[in-house]
Structure formats: C-alpha cells, structure tokens
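So the protein lines, in turn, are chains X and R. Numbering (my numbering) for the first sequence: 1 to 239. Numbering (my numbering) for the second sequence: 240 to 485. Where is the CB? At the ideal position from N, CA and C, for every residue including glycine.
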Amino acid sequence: MRYEFNWSVLWSGQSGSWLLQGLLTTLEISALAWLLAAALGILSGALRTVPWPPLRAAAAFYVEFFRNVPLLVWMFFWYFGVPPLLPGAVQDWLFNHGAEFWAGMFALGVYHGARMSEVIRSGIQSIPRTQFEASQAIGLSVWQAYRLVILPIAIRLIVPPATNESLNLLKNSSVALTISVAELTFQTRQIETYTARAIEALTAGTLIYLVLCVSIAAVMTRLERRFAIPGLIARVGAG
Amino acid sequence: MAEPAIAFRLVNKFFGRLHVLKDIDLTVAPGEVVVVCGPSGSGKSTLIRCVNALERVQSGEIVVLGESVTSAGANLTRLRTQVGMVFQSFNLFPHMTALQNIMLAPLKVRRLARAEVEKTARALLERVGIPDKADNYPANLSGGQQQRVAIARALAMHPKIMLFDEPTSALDPEMINEVLEVMTDLARDGMTMMVVTHEMGFARRVARRIVFMDGGVVVEEAAPEAFFASPTSDRARQFLSKILSH
Ligand SMILES: Nc1ncnc2c1ncn2[C@@H]1O[C@H](COP(=O)(O)OP(=O)(O)OP(=O)(O)O)[C@@H](O)[C@H]1O
Ligand SMILES: [Mg+2]
C-alpha cells in the first residue's frame with residue numbers, strides 16, 4: 001500500500017488560515033516570552049556576579065528552581081496553579097483574554113529566563129575582572145559599571161549561545177499546545193485531525209519552524225557582525 | 240607642614256589568612272612623587288589599590304585628601320573622582336573608542352555637558368601625544384598608545400592624585416619611554432603620584448622618595464640618591480643588584 005500525498009489539503013478549506021493563525025500565535029508568544037526571558041536573564045545573570053552575596057543567592061535560587069523543573073510542568077503550573085491566586089478582577093480579565101496564552105507566555109519566559117541567565121553569567125565571567133576594577137577606579141557605581149561596561153561587552157560576546165537559546169525558546173513554544181494555546185503545532189494537529197493527512201500537515205509545520213529558525217539565526221549572525229567589538233571576535237575566531 | 244595627600248596609619252590587610260600589608264605607616268605629601276618597588280608578591284599593588292579603595296583593609300586608617308577612606312561611610316565615588324589609577328594591563332573598555340573611553344566618567348559620573356567633555360577629552364589626547372587616535376578602538380592601538388589613552392582617561396576627572404601600577408611592565412621596550420615621558424610631564428606639573436615600577440631610571444629622575452617593600456612591610460624609605468647609592472637593608476641591596484644587573 002502506498003501513501004498518496006495530497007498537498008492541496010494545506011490550502012483548501014480552512015487549513016491555510018489555521019496555519020497562518022498558528023504561525024502568528026507562535027511568533028507572538030515567542031516574542032513576548034523572549035523579551036521576558038531576556039529581561040530576567042540579564043537581570044539574574046548580572047546579579048549572580050555582583051559583590052553582594054544575598055543578591056547572588058536570590059538569583060541562583062531563581063535559576064536553579066526554574067530550569068530544573070520540566071517546561072511542561074511549568075505550563076500546568078502557570079495555567080492551573082497561578083490564576084486562582086490572583087485577584088478576582090485579574091482572573092476575569094485573563095479568562096476573557098486568553099488565559100492560556102498568558103500562562104504559556106509566562107511559563108516559557110520564566111523558564112528560558114533561567115536558562116538565558118546562565119548564558120549571561122558565563123559571558124560576564126569571561127570578561128576580565130580588571131574591566132570592573134577600571135570602571136570602579138574612574139568613579140562609576142556598580143550599577144553604572146554593569147550598565148555601561150560589563151553588560152555591553154558581555155551581550156556582544158554571548159550572541160552565539162543566546163541565539164541558540166532563543167531558537168530553543170521558539171521551538172519550546174510548541175509545548176504550550178498542552179494548555180491549548182493555538183500555536184503552530186496545535187494548528188498542524190488540527191489540520192491532521194480534520195483532513196487525516198498527517199504527513200502533509202506535519203511537513204508544513206516542520207518547514208515553517210525550519211524557515212523561522214534559519215531566518216532568526218541569519219539575523220543574529222548579522223547583528224553579531226554589526227556590533228562586534230574590534231579585536232575581540234578576531235581573537236575568539238583565532239582561538 | 241601641609242596636610243598629607245595620602246596617609247597610611249598602621250594599616251593591616253589580609254587576603255584570607257595571608258597577611259599582605261603589615262603595619263603600614265606612610266605619608267605622601269601634596270605634589271610628591273613616590274616610587275614603590277620591591278620583589279613580586281611583596282604587596283605593592285595591594286598598597287596602592289587601598290588608596291582608591293579597590294581593596295578594603297582589616298585594620299588601621301587611610302586618609303586621602305583629608306578624608307578617611309577606610310571608615311564605613313566613606314564616599315567612594317567622590318574619592319575615586321579625585322584619585323586616578325593606571326593599570327599594568329591598560330584596561331581600556333574594548334567596545335568604546337579612545338575618545339569614548341576618556342569621556343565616559345566625566346559624562347556619567349560628573350554629568351558634564353557633552354560638548355565640554357569632548358573638548359577636554361581631545362585636549363587630553365593632545366597632551367598624551369595621540370590626538371589623531373581619537374576614533375580608534377583599543378584593539379587598533381599599540382600598547383604604548385593604549386596606556387597613554389588610559390592615562391588620559393584617568394586625567395579626565397581632574398584627579399589630585401594619580402596611582403600607577405606597573406604602567407610599563409606590559410609594554411614592548413620601544414614603547415616604554417613614550418609612557419614614561421607622559422608620566423614625567425605629569426610629575427613636573429605638580430601631580431601627586433604613587434608609582435609602582437621597576438623603571439629605576441624613572442625613579443632616579445622623577446621620584447622624590449623611594450619606598451621599598453618586602454613581605455608586606457615597608458622595609459626602607461629614602462630619597463632616590465640615598466636609596467640607590469647605599470640601601471640600608473640587605474633585602475633592598477639584594478633586590479637592587481638583581482634589578483640593576485640587566
Ligand atoms: N585578590 C587576592 N586574593 C588573594 N591573594 C591575593 C590577592 N591579590 C593579591 N594576593 C596576594 O597578596 C600578596 C601581595 O600581592 P600584590 O599583588 O600586592 O604583590 P605585588 O608586590 O604587586 O607583586 P607583583 O610585583 O607580582 O605585582 C601576594 O602574595 C598575592 O598572591
Ligand atoms: Mg603588582
């Protein structure tokens with residue numbers, strides 16, 4: 001028995017609009033989660049290197065707690081566990097505005113923030129300590145030293161691993177289908193259910209993820225070159 | 240006598256159990272140039288890093304320009320705007336041009352107007368002899384040029400005291416003089432300086448006093464002529480014979 005491909009299922013009926021909806025939702029949830037992850041990652045990654053032990057400990061707790069529990073569990077936690085703890089008005093708003101989307105976004109963002117934190121921390125720790133001392137010696141406060149010297153250098157150094165982590169985030173957004181966020185994977189499964197065309201639907205989904213990841217990687221490579229620190233990249237490349 | 244620019248009073252410093260500064264009593268007068276020398280590990284870097292509070296001490300007091308650096312409420316930002324520091328490894332910020340390196344602290348710490356800051360920064364580059372390198376990144380400067388930018392960066396805050404920690408040790412021989420010349424000019428202009436260096440020619444010409452350290456102790460303090468002609472301690476004699484033989 002031979003499987004007969006029927007690619008037209010992808011644009012006949014509602015499939016096309018489902019795929020597009022799915023793509024947009026994936027982009028939306030990933031972009032928002034990425035912003036959250038970047039903010040949490042930079043903040044906690046930086047705090048893990050500051051001269052104050054209590055702040056270091058708090059940041060370490062965040063990282064270890066969130067990255068050592070599976071993302072799937074966090075999805076359920078943010079969807080089922082958190083809303084009942086919120087004030088009634090917020091709950092009402094959430095359930096009228098796609099609670100599953102916001103739960104999924106927080107789950108992704110907070111989980112990947114913890115992973116991004118490790119990337120940022122290793123970037124900061126690869127900067128010689130003398131850069132921090134030089135910042136202090138000219139009178140910058142610790143906050144200014146991080147904002148003006150340490151982080152701008154660290155962020156340029158970590159573009160490759162951060163890109164990797166961002167692609168993981170994008171791919172992991174598919175886990176949100178477990179709390180019925182209608183993202184790309186959710187929609188390909190819906191097409192599969194309606195058309196019984198598993199291979200076609202999955203191929204479409206796969207290709208879209210592939211194109212997204214390749215484009216993001218290309219953009220990040222350009223950014224890396226654009227903002228490269230003269231001398232530093234050459235040394236990394238040579239080493 | 241005028242109040243000293245820097246005064247160490249019975250200062251002790253430990254790294255864990257390692258006792259690196261032992262009962263240091265030392266004063267530096269305004270406008271004085273003091274060269275600190277001694278064998279590796281004797282505590283020279285630690286000594287001058289205490290002056291701008293990059294290191295904290297466990298006992299004793301350090302007073303800089305009339306204010307205690309070692310008391311709990313010391314205003315470190317104010318202190319560091321008055322004390323410039325130059326490191327062995329230059330430590331320029333690699334993501335900023337020479338000019339941006341020099342402008343950073345006046346803009347962000349003193350919050351002066353950009354036009355004024357840039358004018359001062361360009362004048363400083365002129366003063367250290369590389370006005371044409373303003374837009375170069377550190378990676379595109381020679382070691383000697385980087386160190387001169389680092390000196391300009393420290394001078395941009397109009398410090399009253401300059402600390403130098405082996406400023407020429409990382410330089411190729413042909414670049415050492417260009418940096419020493421800038422330092423000599425500074426000294427001539429009346430800057431108070433503490434300089435850790437093994438450049439004994441510079442010490443002879445520029446220093447008012449040599450401080451010789453060994454094992455965390457100030458073993459000997461003397462005017463350069465006296466120190467080089469007849470060091471009183473055996474350790475200083477040994478050190479000098481090693482350093483002057485090549
Ligand atoms: N951050 C630190 N932690 C622990 N020990 C340190 C630290 N910094 C310096 N030391 C130790 O303190 C002692 C004095 O160091 P210091 O750097 O002041 O010596 P130095 O005279 O400047 O030596 P060199 O000529 O090699 O630069 C050395 O034994 C050194 O190993
Ligand atoms: Mg030293």
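message: Would you call the region 266 to 279 of chain R in contact with the region 411 to 419 of chain R, where contact means no fewer than 3 C-beta pairs closer than 8 Å?
response: Using a Cβ-Cβ distance cut-off of 8 Å, the region 266 to 279 of chain R and the region 411 to 419 of chain R are not in contact, since fewer than three pairs of beta carbons, one from each stretch, lie closer than that value.
query: Roughly how many angstroms lie between the CA atoms of R/Met-439 and R/Leu-483, to the nearest whole one?
result: C-alpha separation (whole angstroms): 8 Å.
message: Quick check: the Cα distance between R/Arg-387 and R/Val-290, rounded to an integer number of angstroms?
response: The straight-line gap from Cα to Cα measures roughly 22 Å.
task: Report all residues for which the CB-ligand distance to some heavy atom of ligand 1 is below 5 Å; order them along the chain.
output: Going by the Cβ distance cut-off, the answer is R/Phe-254, R/Val-259, R/Ser-279, R/Gly-280, R/Ser-281, R/Gly-282, R/Lys-283, R/Ser-284, R/Thr-285.
- request: Work out the CA separation of X/Ile-153 and X/Ala-38 for me, nearest whole Å.
  value: Rounded to the nearest angstrom, the gap between the Cα atoms of X/Ala-38 and X/Ile-153 is 16 Å.
message: So, with DSSP's three-state summary, where would you put X/Thr-195?
response: X/Thr-195 sits in a helix when the DSSP states are folded into three classes.
message: Is there a Cβ of chain R sitting closer than 7 Å to that of X/Gly-239, yes or no?
response: Per-residue confidence for X/Gly-239 stands at a pLDDT of 32, beneath the threshold of 50, marking its modelled position as unreliable; the derived number appears in the next sentence. No, no contact with chain R.
query: Looking at chain X, which residues of the region 329 to 346 of chain R have a Cβ within less than 7 Å of any of its Cβ atoms?
result: From the region 329 to 346 of chain R, only Asn-330, Phe-332, Pro-333, His-334, Leu-343, Ala-344 have a Cβ closer than 7 Å to chain X.
message: Along the region 123 to 147 of chain X, where does the CB come closer than 7 Å to a CB of chain R? Name the residues.
response: Flagged, chain order: Thr-130, Gln-131, Glu-133, Ala-134, Gln-136, Ala-137, Ile-138, Gly-139, Leu-140, Ser-141, Gln-144.
Coarse secondary structure for X/Asp-92, derived from DSSP in three states: Assigned with DSSP and collapsed to three states, X/Asp-92 falls in helix.
message: Let me confirm a value: X/Phe-5 is counted as buried when at least 16 other C-beta atoms fall within 10 Å, else exposed. Which label applies?
response: Using a 10 angstroms sphere on the CB of X/Phe-5, the tally of other CB atoms stays under 16, which defines it as exposed.
- request: Scan the region 199 to 222 of chain X for residues whose Cβ lies nearer than 8 Å to a Cβ of chain R and list them as they occur along the chain.
  value: Of all residues in the region 199 to 222 of chain X, none has a Cβ within less than 8 Å of some Cβ in chain R.
field: Where R/Asp-404 falls, given that 16 or more other Cβ within 10 Å makes a residue buried
entry: Buried, since its Cβ has 16 or more Cβ neighbours within 10 Å.
message: Pairs of beta-carbons, one from the region 31 to 47 of chain X and one from the region 99 to 119 of chain X, closer than 8 Å: are there three or more?
response: Remark: three or more beta-carbon pairs, one from each stretch, lie closer than 8 Å, so the region 31 to 47 of chain X and the region 99 to 119 of chain X are flagged as touching.
message: So, for X/Thr-185: in the same chain, excluding its five sequence neighbours on each side, which residues have a beta-carbon less than 7 Å away from its beta-carbon?
response: Excluding positions up to five away in sequence, the list reads Ser-174, Leu-177, Gly-205.
query: What whole-angstrom Cβ distance do R/Val-274 and R/Thr-436 have, given they're in contact under 8 Å?
result: So it is a contact: roughly 6 Å between Cβ atoms.
task: Ignoring anything shorter than 4 residues or poking outside the region 253 to 301 of chain R, list the alpha helix (DSSP H) runs there in chain order.
output: Counting only runs of 4 or more, we get 283 to 290.
Residues of the region 441 to 471 of chain R with Cβ closer than 9 Å to any Cβ of chain X, in chain order: Residues of the region 441 to 471 of chain R whose Cβ lies closer than 9 Å to any Cβ of chain X: none.
- prompt: Can you find at least 3 beta carbon pairs, one from the region 332 to 348 of chain R and one from the region 416 to 423 of chain R, that sit closer than 8 Å?
  reply: In short, these stretches do not touch, since the Cβ pair count stays below three.
- request: Check whether the region 383 to 399 of chain R touches the region 358 to 369 of chain R, taking contact to mean three or more Cβ pairs, one atom from each stretch, closer than 8 Å.
  value: Yes: at least three Cβ pairs fall under 8 Å.
task: For chain R, find out if any of its Cβ atoms is closer than 7 Å to the Cβ of X/Gly-13; answer yes or no.
output: Judged by the 7 Å Cβ criterion, X/Gly-13 is not in contact with chain R.
field: Check whether X/Gly-22 and X/Gln-187 have beta carbons under 7 Å apart
entry: Yes.
query: CB X/Gly-119 to CB X/Ser-135, shorter than 7 Å?
result: Before going further, note that residue 119 of chain X is Val rather than Gly in the sequence given. For the pair X/Val-119 and X/Ser-135, the CB atoms are not nearer than the 7 Å cut-off.
- request: Report the rounded CA-to-CA distance for X/Phe-106 versus X/Gln-91, giving the unit in angstroms.
  value: Going by C-alpha positions, X/Phe-106 is about 15 Å away from X/Gln-91.
- request: Would you kindly work out how many angstroms separate the C-alpha atoms of X/Phe-66 and R/Gly-429, rounded to a whole number?
  value: If you draw a straight line from the Cα of X/Phe-66 to the Cα of R/Gly-429, it comes to about 58 Å.
- request: Kindly indicate which three-state DSSP category X/Glu-100 falls into: helix, strand or coil?
  value: Residue state, collapsed to three classes: helix.
message: Tell me which residue opens and which closes the alpha helix (DSSP H) that X/Phe-61 is part of.
response: X/Phe-61 -> alpha helix (DSSP H) spans 53 to 67.
Pair within 7 Å by beta-carbon distance, R/Pro-406 and R/Val-325: Using a Cβ distance threshold of 7 Å, R/Pro-406 and R/Val-325 count as a contacting pair.
- prompt: From the DSSP output, which residues share a beta bridge with R/Val-303?
  reply: Answer by DSSP bridge pairing, in chain order: R/Ile-245, R/Glu-306.
query: For X/Gly-123 versus X/Leu-157, is the C-beta distance shorter than 7 Å?
result: Their beta carbons are under 7 Å apart, which means X/Gly-123 touches X/Leu-157 by this criterion.
- prompt: Can a CB atom of chain R be found closer than 7 Å to the CB of X/Trp-34?
  reply: For X/Trp-34, no Cβ of chain R is located within less than 7 Å of the residue's own Cβ.
query: Do you know how far the Cα of X/Tyr-194 is from the Cα of X/Tyr-3?
result: Using only the alpha carbons, I get a separation of about 18 Å.
message: According to DSSP, R/Arg-448 sits in a beta bridge with which residue or residues?
response: Looking at the DSSP output, R/Arg-448 bridges to R/Val-273.
message: Using only the alpha-carbon positions, how far apart do X/Ala-137 and X/Trp-74 sit?
response: Rounded to whole angstroms, X/Ala-137 to X/Trp-74 spans 44 Å at the Cα level.
task: Give a yes or no on whether the C-beta atoms belonging to X/Asn-172 and X/Leu-71 are separated by under 7 Å.
output: With respect to the 7 Å criterion, X/Asn-172 and X/Leu-71 are classified as neighbours on the basis of their beta carbons.
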